[in-house]
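S.K.:
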DNA sequence: CACCCGTGGGA
DNA sequence: TTCCCAAGGGT
């Protein structure tokens, strides 16, 4: 491990670079409001900064306070998250907002031991909020931190394994700057998103090059080590768009699963005999859908299942449509235009 | 721990 | 096309 002198020099090199080259324009870095930092950190989970920015601005406009979030209508909430993916994030965040209202009198807790009790906040997000909003010297170990530190110290542990995170937390606790822990954590992530990125890193440009063991030893290509992810399982489905006048049959997906609680045109494994009007594929983390799209006029009135209803086309904007649903709808509209 | 949960972009 | 990637957490 480094000497105390090295640690002090490392902090200075990193934070000087951050002060000069860090991304100080990000909308959640305007101030240290724990609510805004919280929202941004949830959105940034597995999601890139450029994708998040417009969602973040809209979200804090729609729900300016923890109370607004706690009391929000579920469909409005989901609509605000439409297209971001990993929709349990926003549902968990609302549960957590309700926790803050009831358990902490509406004030976001400042103790990491309490913060981590909130739904949807795990070790990374707890550390990020603790350090950025409350100035506590807590590690916030994400993929960036593991990548940067694996190169700095030539650590070959598999960063895809959950247990590996703990090793990096120990390291960060040692080297984090106790005077500017939030800036320290963000500086590592800014560095990891560009100069020390996963592909084509430019260590010669890094403010940390003299501390980087892998760079100095010519072993950059070995770090970080990450085992391969499994390929998504392919599913062949039929999307059946049933029309009755200006209304369409919609089905609410079961809670908890993939795209849980979303309203969708019915999706079935055994499709109708008629020809599809189009098809598309959609790739999730662990599944790949190949969907053939059919249109049908409603047949004689049969009882609707509990999870189905007719929705007027003019009401579609009030519903959150996940991307596969949007793709189905695009195919239907394209088909209709072709008929004229 | 292994698996589940979205989406868009880049090589 | 296919692969990998991105500021993870819940179960």
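Residue numbers (the UniProt record's numbering): 1 to 340. C-beta atoms are modelled at their ideal positions from N, C-alpha and C, and glycine is treated no differently.
Comparing alpha-carbon positions, which option in 162, 185, 149 lies nearest residue 196?
M.R.: Your numbering for residue 196 matches position 196 in the first chain. Checked all of 162, 185, 149; the closest Cα to residue 196 is 149.
S.K.: By a C-beta neighbour count over all protein chains shown, 10 Å radius and 16 as the cutoff for buried, is residue 229 buried or exposed?
M.R.: Position 229 of the first chain, counted from the start, is the residue given in the question as residue 229. Exposed, because fewer than 16 other Cβ atoms sit within 10 Å of the Cβ of residue 229.
S.K.: Please report the residue range of the alpha helix (DSSP H) in which residue 13 lies.
M.R.: Within the first chain, numbered from 1, the residue matching residue 13 stands at position 13. Looking at the DSSP string, the run of the alpha helix (DSSP H) that includes residue 13 is 4 to 21.
S.K.: Here's a check: name, in chain order, each residue in its chain whose Cβ is nearer than 7 Å to the Cβ of residue 120, leaving out the five neighbours to either side.
M.R.: Along the first chain, read from residue 1 onward, the residue named residue 120 stands at position 120. Contacts found: 42, 89, 92, 93, 96.
S.K.: Just to confirm, is the Cβ distance from residue 169 to residue 201 under 8 Å?
M.R.: Working through the first chain from its first residue, we reach residue 169 at position 169. Working through the first chain from its first residue, we reach residue 201 at position 201. In this structure, residue 201 does not lie closer than 8 Å to residue 169 by Cβ.
S.K.: Quick check: the Cα distance between residue 214 and residue 167, rounded to an integer number of angstroms?
M.R.: Taking the first residue of the first chain as 1, we reach residue 214 at position 214. Taking the first residue of the first chain as 1, we reach residue 167 at position 167. In a straight line, the C-alpha of residue 214 is about 18 Å away from that of residue 167.
S.K.: Between residue 172 and the rest of its own chain, which residues show a CB-CB distance below 7 Å, the 5 nearest in sequence each way excluded?
M.R.: Taking the first residue of the first chain as position 1, residue 172 is located at position 172. The residues are 139, 141, 145.
S.K.: Excluding five sequence neighbours on each side, which residues of the same chain lie with their C-beta closer than 7 Å to the C-beta of residue 289?
M.R.: In the first chain, residue 289 corresponds to position 289, counting from 1. So the qualifying residues of the chain are 235, 237, 281, 282, 324.
S.K.: Put residue 182 into one of helix, strand or coil per three-state DSSP.
M.R.: In the first chain, the residue the question calls residue 182 occupies position 182. Looking at residue 182 - three-state DSSP - the assignment turns out to be helix.
S.K.: Does the Cβ of residue 20 have 16 or more other Cβ atoms within 10 Å, making it buried, or fewer, making it exposed?
M.R.: Translated into positions along the first chain, residue 20 becomes position 20. With fewer than 16 Cβ atoms within 10 Å of its Cβ, residue 20 is classed as exposed.
S.K.: Write down the C-beta distance between residue 137 and residue 178 rounded to the nearest angstrom, noting that I regard them as a contact closer than 8 Å.
M.R.: Working through the first chain from its first residue, we reach residue 137 at position 137. Working through the first chain from its first residue, we reach residue 178 at position 178. Indeed, because the Cβ distance is near 5 Å, the residues count as touching under 8 Å.
S.K.: From residue 273 to residue 330, what distance separates their C-alpha atoms?
M.R.: By 1-based counting over the first chain, the position of residue 273 is 273. By 1-based counting over the first chain, the position of residue 330 is 330. The alpha-carbon atoms of residue 273 and residue 330 are separated by roughly 22 Å.
S.K.: Taking just the CA atoms, how far does residue 47 sit from residue 311?
M.R.: Taking the first chain and counting its residues from 1, the one referred to as residue 311 is at position 311. Taking the first chain and counting its residues from 1, the one referred to as residue 47 is at position 47. Computed Cα separation, rounded: 31 Å.
S.K.: Please say whether residue 156 and residue 225 have beta carbons closer to each other than 8 Å?
M.R.: As a first step, residue 225 is located in the first chain; it is residue number 225 there, counting from the start. As a first step, residue 156 is located in the first chain; it is residue number 156 there, counting from the start. In contact: residue 225 and residue 156 (Cβ atoms closer than 8 Å).
S.K.: Please state the DSSP three-state secondary structure of residue 239.
M.R.: The residue labelled residue 239 in the question sits at position 239 within the first chain. It is a strand residue.
S.K.: Kindly give me the distance between the Cβ atoms of residue 135 and residue 181, rounded to whole angstroms, as I take these residues to be in contact under 8 Å.
M.R.: Taking the first chain and counting its residues from 1, one reaches residue 135 at position 135. Taking the first chain and counting its residues from 1, one reaches residue 181 at position 181. Right, their Cβ atoms sit about 6 Å apart.
S.K.: Report the option in 87, 65, 64 whose CA atom is closest to the CA atom of residue 74.
M.R.: As a working note, residue 74 is residue 74 in the first chain. Nearest option by C-alpha distance: 87.
S.K.: Using the three-state DSSP reduction, which class does residue 130 fall into: helix, strand or coil?
M.R.: For this step, residue 130 is matched to residue 130 along the first chain. Residue 130: helix per DSSP, three-state reduction.
S.K.: Determine which residues share a DSSP beta bridge with residue 344 and list them.
M.R.: Nothing about residue 344 can be read from this structure; the chain reaches only from 1 to 340.
S.K.: Need the endpoints of the beta strand (DSSP E) that residue 316 sits in, please.
M.R.: Position 316 of the first chain, counting from 1, holds the residue named residue 316. Note, residue 316: premise wrong, no beta strand (DSSP E); not H, not E.
S.K.: To the nearest whole angstrom, what separates the beta carbons of residue 66 and residue 133, a pair I think is in contact under 8 Å?
M.R.: Stepping through the first chain from its first residue, residue 66 is reached at position 66. Stepping through the first chain from its first residue, residue 133 is reached at position 133. Not really, about 13 Å apart at Cβ, beyond 8 Å.
S.K.: What residue range does the alpha helix (DSSP H) around residue 172 cover?
M.R.: Translated into the one-based positions of the first chain, residue 172 becomes position 172. Taken as a continuous stretch (DSSP letters only), the alpha helix (DSSP H) holding residue 172 covers 164 to 175.
S.K.: Pop quiz: residue 265 and residue 233 are said to be a contact at Cβ under 8 Å. What is the actual Cβ separation, rounded to whole angstroms?
M.R.: Numbered from its first residue, the first chain carries residue 265 at position 265. Numbered from its first residue, the first chain carries residue 233 at position 233. About 22 Å; that fails the 8 Å criterion.
S.K.: Ordered along the chain, which non-local residues of its own chain (more than five positions away) have a Cβ less than 7 Å from that of residue 284?
M.R.: Within the first chain, residue 284 is the residue found at index 284, counting from 1. If we look at residue 284 and ignore the five residues flanking it on each side, its Cβ neighbours are 232, 258.
S.K.: Just how far apart, CA to CA, sit residue 63 and residue 76?
M.R.: The residue you call residue 63 lines up with position 63 of the first chain. The residue you call residue 76 lines up with position 76 of the first chain. So the alpha carbons of these two residues sit roughly 10 Å apart.
S.K.: Drop a sphere of 10 angstroms on the beta-carbon of residue 336, count the other beta-carbons inside from all chains shown, and report buried for 16 or more, exposed for fewer.
M.R.: For the purposes of this step, residue 336 is taken as residue 336 along the first chain, with counting starting at 1. Exposed is the call here.
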